[in-house]
Amino acid sequence: MALDVLIVDDSAAIRKILRRVLIQAEVPLGDVYEAGDGIEALECLKNNSVGLIFSDINMPNMDGIQMLREIKANDLWKSIPVVMISTEGSQAKVMEAVSLGANGYVRKPFTADQIKEKLAGIIQ
Amino acid sequence: MTSSTITIQEMQELLIHSVKKSTANVFSTMLGLDVEAGIAITNSGSQGPTDGVLSLIGLTGPWMGTGSISCSPQIACKISSALLLTEFGAVDEEVLDAIGEITNMVIGNVKTMLEEKVGSMGLSIPTVIFGRNFLTKCGGSNGWTVVPFQFDSETLLVQVCLIQNDAGKQGTVGRLHRSGTDHE
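Here the protein sequences come in this chain order: L and W. Position in the first sequence counted from 1, then plus 6, gives you this note's numbering. Position in the second sequence counted from 1, then plus 2, gives you this note's numbering.
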């Protein structure tokens, strides 16, 4: 079954790379939506059905942590798996994201295999 | 080791080690390229004049300052082509975005390594400049730790300047070094 995915990152380069990596990781992709920050991501969620979210943390306007808070506080969206992808590699930042309900955490730089491995436990 | 116990010399060595490790990791993982670090130096004062692409990212916390990557337009295009699997012949918005993201990853991983020694730090969003004959100076600091990397017979520079947030205790990284002092 195809999976509709939302990729949230202020870098268009990373959004493009993640699309490619998801294909390499053989994720059964449906529609792929992109957002440049947390605000754009929440707008996208209002208008589309999404089955998986990848999000950066450091972004302008609304960062990934605040976006995660908003998603997990919303009854319609809180069950959507969210995987954080960031250069923020400190244990404290990982724990913060996990405690807010993130389903996975991938540190940049990343490989297709790391994404695939992370998704194995999230999507069936 | 905490921020209060780390010396300027230790920070200098930590920066060089972190920049080398982080840059090699990012280029290998994201670009499939091996880069070789040259001899690191500490430059005092302003940098330049410089031509080409310069990407800057701010660091905050117990030590604060700026990290940067600078290279020629040709190298910027080659890095972007390798990252995005698209051929770039000239610097455009996509190339600037790609170099900004590479800077984010390289300096972001340096930050993570520094945090093990000095505590939590913050990272800004990168700013990328493409132009000719510009000078750069890190405000409030005298020194840049400069690590050159050979890339296709050209040089890419990864630079960091940091000052301890409580400046009254230990001063800046660069103050103990003369301009052009070699390391390793």
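The C-beta atom is built at its ideal place from N, Cα and C for all residues, glycine as well.
- At a C-beta separation below 7 Å, W:Thr114 has these neighbours in chain L: Gly95 and Ser96.
- For W:Phe132, the closest alpha carbon among the candidates W:Gly54, W:His19 and W:Ser24 is that of W:Gly54.
- When 8 Å is used as the limit between beta carbons, W:Leu86 is near these residues of chain L: Ala19, Lys22 and Ile23, in chain order.
- Interface residue (Cβ-Cβ distance to chain W less than 8 Å): L:Asn109 is not classified as such.
- A straight line joining the alpha-carbon of W:Met107 with that of L:Asn80 spans about 31 Å.
- Within chain L, the residues placing a beta-carbon under 7 Å from that of W:Ala100 are Ala19, ordered along the chain.
- Contact with chain L is found for W:Met32, since one of that chain's Cβ atoms lies less than 8 Å from the residue's Cβ.
- The count of Cβ pairs closer than 8 Å, one atom from the stretch 19-39 of chain W and one from the stretch 108-126 of chain L, reaches three, so the stretches are in contact.
- Nothing from the stretch 31-54 of chain L brings a Cβ to less than 8 Å from some Cβ of chain W.
- Going by C-alpha positions, L:Asn67 is about 7 Å away from L:Asp43.
- Under DSSP, W:Pro150 shares a beta bridge with W:Leu159.
- Looking only at L:Ile45, L:Ile59 and L:Gln97, the smallest Cα-Cα distance to L:Tyr39 is reached by L:Ile59.
- With contacts defined by Cβ atoms closer than 8 Å, W:Asn45 and W:Gly145 form a contacting pair.
- For W:Ser122, the closest alpha carbon among the candidates W:Val130, W:Lys113 and W:Pro128 is that of W:Lys113.
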